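Taken in order, these protein sequences are the chains called A and B.
For the first sequence, the UniProt record's numbering assigns the number 1 to the initial residue and increments by one for each residue that follows.
For the second sequence, the UniProt record's numbering assigns the number 1 to the initial residue and increments by one for each residue that follows.
Just so you know, even glycine gets a beta-carbon here, dropped at the ideal spot from N, CA and C.
These figures come from a predicted structure and were not determined experimentally.
These notes concern the structure reproduced below.
Protein chains: 2
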Amino acid sequence: MVGGGQLSRMTHQAAIALGVDFGVLAAGPADSAALVCGNVTLGDDRGLQDVLAFAKANDVVTFDHEHVPEPVLRAVEEAGGLLRPGRDPLRFAQDKLRMRTRLTELGAPAPRWRAVASPEHVTAFAAGTGWPVVLKAARGGYDGKGVWVVDDADAAAAVVARAAAEDVPLLVEEKVAFERELAVQVARSPHGQVAVYPVVETVQRDGICHEVIAPAPGLSEDKATRAQQLAIEIAHALGVTGMLAVELFETADGVLVNELAMRPHNSGHWTIEGARTSQFEQHLRAVLDLPLGSPRTDAPFTVMANLLGGEDPEVYRRYLHVMAVDPEVKIHFYGKDVRPGRKIGHVTVTGDDHRDLLERARAAADYLRGDDQ
Amino acid sequence: MVGGGQLSRMTHQAAIALGVDFGVLAAGPADSAALVCGNVTLGDDRGLQDVLAFAKANDVVTFDHEHVPEPVLRAVEEAGGLLRPGRDPLRFAQDKLRMRTRLTELGAPAPRWRAVASPEHVTAFAAGTGWPVVLKAARGGYDGKGVWVVDDADAAAAVVARAAAEDVPLLVEEKVAFERELAVQVARSPHGQVAVYPVVETVQRDGICHEVIAPAPGLSEDKATRAQQLAIEIAHALGVTGMLAVELFETADGVLVNELAMRPHNSGHWTIEGARTSQFEQHLRAVLDLPLGSPRTDAPFTVMANLLGGEDPEVYRRYLHVMAVDPEVKIHFYGKDVRPGRKIGHVTVTGDDHRDLLERARAAADYLRGDDQ
Chain A
1 MVGGGQLSRM THQAAIALGV DFGVLAAGPA DSAALVCGNV TLGDDRGLQD VLAFAKANDV
61 VTFDHEHVPE PVLRAVEEAG GLLRPGRDPL RFAQDKLRMR TRLTELGAPA PRWRAVASPE
121 HVTAFAAGTG WPVVLKAARG GYDGKGVWVV DDADAAAAVV ARAAAEDVPL LVEEKVAFER
181 ELAVQVARSP HGQVAVYPVV ETVQRDGICH EVIAPAPGLS EDKATRAQQL AIEIAHALGV
241 TGMLAVELFE TADGVLVNEL AMRPHNSGHW TIEGARTSQF EQHLRAVLDL PLGSPRTDAP
301 FTVMANLLGG EDPEVYRRYL HVMAVDPEVK IHFYGKDVRP GRKIGHVTVT GDDHRDLLER
361 ARAAADYLRG DDQ
Chain B
1 MVGGGQLSRM THQAAIALGV DFGVLAAGPA DSAALVCGNV TLGDDRGLQD VLAFAKANDV
61 VTFDHEHVPE PVLRAVEEAG GLLRPGRDPL RFAQDKLRMR TRLTELGAPA PRWRAVASPE
121 HVTAFAAGTG WPVVLKAARG GYDGKGVWVV DDADAAAAVV ARAAAEDVPL LVEEKVAFER
181 ELAVQVARSP HGQVAVYPVV ETVQRDGICH EVIAPAPGLS EDKATRAQQL AIEIAHALGV
241 TGMLAVELFE TADGVLVNEL AMRPHNSGHW TIEGARTSQF EQHLRAVLDL PLGSPRTDAP
301 FTVMANLLGG EDPEVYRRYL HVMAVDPEVK IHFYGKDVRP GRKIGHVTVT GDDHRDLLER
361 ARAAADYLRG DDQ
């Protein structure tokens, strides 16, 4: 797996049970996965030489991020490296303009959008949708970076000018009056086998996925089925191998596709405890073309909350407190130094009452961050 | 953790989520845990120098086997090393004569027994219990090794002579007419906090734990409570820290203590999927004096079956088949070369009907071994 972050760390855990030889290409020895994995290659996890060498040393290469540049992916495939997902589907995850264009061709429901080359493109677009609108960098954004909600033509012009100066292609999307945000994950293997997980509710804060409730409480069966079908259709149409996460807006009428990610995803961390097959195991099964595992859930609800760093870098005492207060909370630490706002782990709780679970997951996350003190 | 076997490998998985710095002292780089862990010390996992150096390099030392000789344990403690469990409780796990003596003092129900220094001791004992009787090496036995069921005085004399030649102390136990074998696990922390798991049924074959059904179907609440209380009492009385497994015989009247193990145990592998807190996570929490996790179960039943090697060392094709036939079977491979009869992994299935689960777990294990072909 290229990249040594927490997704790679948790994939390593799954690889142990499967008995799969798992290696990581990590930028440094203190990377989340590099701290725990027995087979670590240190190198530039976006650079041509290092990714190429890593691909030569491994039968299959997959990714814990989408930041390996297209020319690098191309060179690896041309040298005979087996990328899963491959360069072709990854282009859609790396470039929102390509993604939007392809989804429009497929007839997938989505926010209205257009490519932006000038401030006038934005004002013309907003004349149809109304202000505010959402400007997005087509490439390089994640976790809320590269997304700007603009209220008027002046604000839009400022973003467009800055993007032009940095040579970043832009698109504009309508700001959807959604009821809530949802996500659905599907695994697809090279054989074409798919396994789809229940649709979950995601609670975003500052552009970062904060909490996940699985399955999304009160979601109509129509919308749930539609969302799952959409994920399967997109996975097939784009030729995805491995996990695909489809982030969605729920509106009164249905669901709209917001973003795609072709890797294990924060919205699927709940599957470690909540589903028979975790997204990490499923990703491995899919990219290795093994038969997929069951995505079935046991408990009625599973709630996940991200652990973000607070002001105090010392979390040990608070960690003990959280464990003692609620022995059913499952804690996942990523081995990262604590910095304010940094994702340092997550907690998961399973049970019957999603309100109770959310309260408990939040209490653990808030306490660990130091908010209650 | 001293020892690089599968118990260490699965403890490593649990350490990743807890964010605990976990290192292994393994005899070789191909040891089950050494293959996957990022922090491996190669050395003699029973030898004075290497265990001493390992203890100096780590805050807390625990074990995946009971074979570190007592003088080594003593030297480590005298040098200030923190062993959990400590030398004191470990003596009872290492020496069945000590264990039987202590359990008798505690009034724990157990098979009748006595120390054996001559063939006459056995015949005198059998005069009270009837033949056959069970001779056991007091030290060094595991997985059925060091246990002999003898039918008469001649057979007993042969075992006694061989043991005397090898300087192995012996004891004799009555052969209990048990209804089935049970096991119960308890975690105890240095604080004295305990967490006890449901009593399970274990199915032994050739002295090796083959299958585990959790909880033991149809076990009366009286017996279940008695078994759990026994485990807690023994853990406290012996000063155990970490996981304690108590293997039991169920008889018409109650339960009898058969064996003790002070580490994660084969009878607890089901907890990875079947309980909120796996025995591996619980062992780490206990030996690190962290608050213990909930041993609660979600599914009504969990069944575990060991995967033993068959004649054919190539299991890949059969592995695919097992995954494809039953996508709900959870496979755990230990990274070991396949040899006939060797434990190479285990499978776990959770659900409502323990008969169905046992059938499915057996089918997977049998197919993987090559029995169906």
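Determine the closest residue to residue i out of the options, with distance taken between C-alpha atoms.
| i | options | result |
| --- | --- | --- |
| Thr-241(A) | Leu-290(A), Pro-217(A), Arg-226(A) | Leu-290(A) |
| Ala-227(A) | Glu-166(A), Val-199(A), Gly-4(A) | Val-199(A) |
| Ser-189(B) | Gly-5(B), Gly-128(B), Leu-244(B), Glu-250(B) | Leu-244(B) |
| Gly-345(A) | Asp-356(A), Val-2(A), Gly-19(A), Tyr-319(A) | Tyr-319(A) |
| Val-212(A) | Thr-348(A), Gly-38(A), Leu-48(A) | Thr-348(A) |
| Ala-361(A) | Tyr-334(A), Lys-330(A), Lys-343(A) | Lys-330(A) |
| Gly-77(B) | His-65(B), Val-61(B), His-67(B), Glu-66(B) | The sequence shown places Glu at residue 77(B), not Gly. Residue Val-61(B) is the option with its Cα nearest to Glu-77(B). |
| Ala-153(A) | Leu-292(A), Val-24(A), Ser-118(A), Glu-314(A) | Ser-118(A) |
| Gln-13(B) | Ala-305(B), His-283(B), Leu-182(B), Asp-352(B) | His-283(B) |
| Thr-202(B) | Glu-259(B), Trp-148(B), Ala-161(B) | Glu-259(B) |
| Glu-70(A) | Ala-53(A), Gly-47(A), Pro-313(A), Phe-54(A) | Gly-47(A) |
| Val-51(A) | Val-24(A), Gly-38(A), Arg-317(A), Leu-357(A) | Val-24(A) |
| Asn-306(B) | His-210(B), Ala-110(B), Leu-103(B) | His-210(B) |
| Tyr-316(A) | Thr-297(A), Asp-353(A), Arg-369(A) | Arg-369(A) |
| Asp-45(A) | Cys-37(A), Lys-343(A), Asp-31(A) | Asp-31(A) |
| His-67(B) | Ala-53(B), Leu-42(B), Thr-104(B), Arg-139(B) | Arg-139(B) |
| Arg-339(A) | Ala-126(A), Pro-89(A), Asp-312(A), Ala-363(A) | Asp-312(A) |
| residue 389(B) | Ile-272(B), Tyr-197(B), Asp-366(B), Tyr-367(B) | Missing from the structure shown is residue 389(B); chain B here goes from 1 to 373 and no further. |
| Tyr-334(B) | Gly-28(B), Phe-22(B), Leu-35(B) | Leu-35(B) |
| Leu-83(B) | His-65(B), Ala-275(B), Ala-55(B) | Ala-55(B) |
| Ser-278(B) | Val-196(B), Gly-254(B), Ala-216(B) | Val-196(B) |
| Asp-253(A) | Asp-64(A), Pro-111(A), Gly-28(A) | Pro-111(A) |
| Val-147(A) | Val-172(A), Ala-165(A), Gly-86(A) | Val-172(A) |
| Asp-371(A) | Gly-309(A), Lys-336(A), His-332(A), Ala-165(A) | Gly-309(A) |
In chain A, what lies closer than 8 Å to residue i by C-beta?
| i | result |
| --- | --- |
| Gly-38(B) | Ala-34, Leu-35, Val-36, Cys-37, Gly-38, Val-40 |
| residue 374(B) | Only positions 1 to 373 of chain B appear in the structure, and residue 374(B) is not among them; the question remains open. |
Please compile the residues from chain A whose C-beta is within a distance smaller than 9 Å of the C-beta of residue i.
| i | result |
| --- | --- |
| Ala-235(B) | By Cβ distance, chain A contributes nothing, its closest Cβ being about 18 Å from Ala-235(B), past 9 Å. |
| Arg-9(B) | Ile-16 |
CB of residue i to nearest heavy atom of the ligand ZN: below 6 Å?
| i | result |
| --- | --- |
| Ala-126(B) | Judged by which ligands are present, the structure shown has none, so any question about the ligand ZN falls away. |
Below 9 Å on C-beta distance, what does residue i contact in chain B?
| i | result |
| --- | --- |
| Phe-333(A) | Ile-16, Ala-17, Leu-18, Gly-19, Val-20 |
Q | Proximal residues, the stretch 316-329 of chain A versus chain B, C-beta separation under 7 Å | A | Leu-320, Met-323, Ala-324, Pro-327, Glu-328
Q) At what residue ranges does the stretch 158-196 of chain B contain a whole run of the beta strand (DSSP E), taking only runs of 3 or more? A) 170-174, 180-188, 194-196
Q: Counting only runs of 4+ residues fully inside the stretch 109-135 of chain B, write out the alpha helix (DSSP H) ranges in chain order.
A: 119-129
(Q) Along the stretch 75-95 of chain A, where does the CB come closer than 9 Å to a CB of chain B? Name the residues. (A) none
(Q) Closer than 8 Å between beta carbons: that is the criterion. Which residues of the stretch 338-353 of chain A meet it against chain B? (A) Gly-345, Thr-350
(Q) Below 8 Å, how does it come out for the stretch 96-104 of chain A and the stretch 68-88 of chain A: are there three or more Cβ pairs, yes or no? (A) no
Q. If contact means a Cβ-Cβ distance below 8 Å, which residues of the stretch 284-303 of chain A contact chain B?
A. Arg-285, Leu-290, Pro-291, Leu-292, Gly-293, Ser-294, Arg-296, Asp-298, Ala-299
(Q) So if I threshold CB-CB distances at 7 Å, which residues from the stretch 188-199 of chain B count as touching chain A? (A) none
Q. Of all the alpha helix (DSSP H) runs that stay within the bounds of the stretch 250-313 of chain A, which reach a length of 4 or more residues?
A. 271-274, 279-287
Q: Any chance you could list the beta strand (DSSP E) runs of at least 3 consecutive residues sitting entirely within the stretch 76-104 of chain B, in chain order?
A: none
Q | Given 8 Å, three or more beta-carbon pairs between the stretch 129-136 of chain B and the stretch 267-279 of chain B | A | no
(Q) When you compare the stretch 114-128 of chain A with the stretch 177-189 of chain A, are there three or more beta-carbon pairs, one atom per stretch, that lie closer than 8 Å? (A) no
Q. If contact means a Cβ-Cβ distance below 7 Å, which residues of the stretch 257-287 of chain B contact chain A?
A. Arg-276
Q) Taking one C-beta from the stretch 291-302 of chain A and one from the stretch 323-342 of chain B each time, how about it: are there three or more such pairs within less than 8 Å? A) yes
Q: Kindly confirm or deny that the stretch 216-225 of chain A and the stretch 159-168 of chain A touch, where touching means at least three C-beta pairs closer than 8 Å.
A: no
Q.
Assess contact between the stretch 350-357 of chain A and the stretch 299-314 of chain A, defined as three or more Cβ pairs (one per stretch) separated by less than 8 Å. Is contact present?
A. yes
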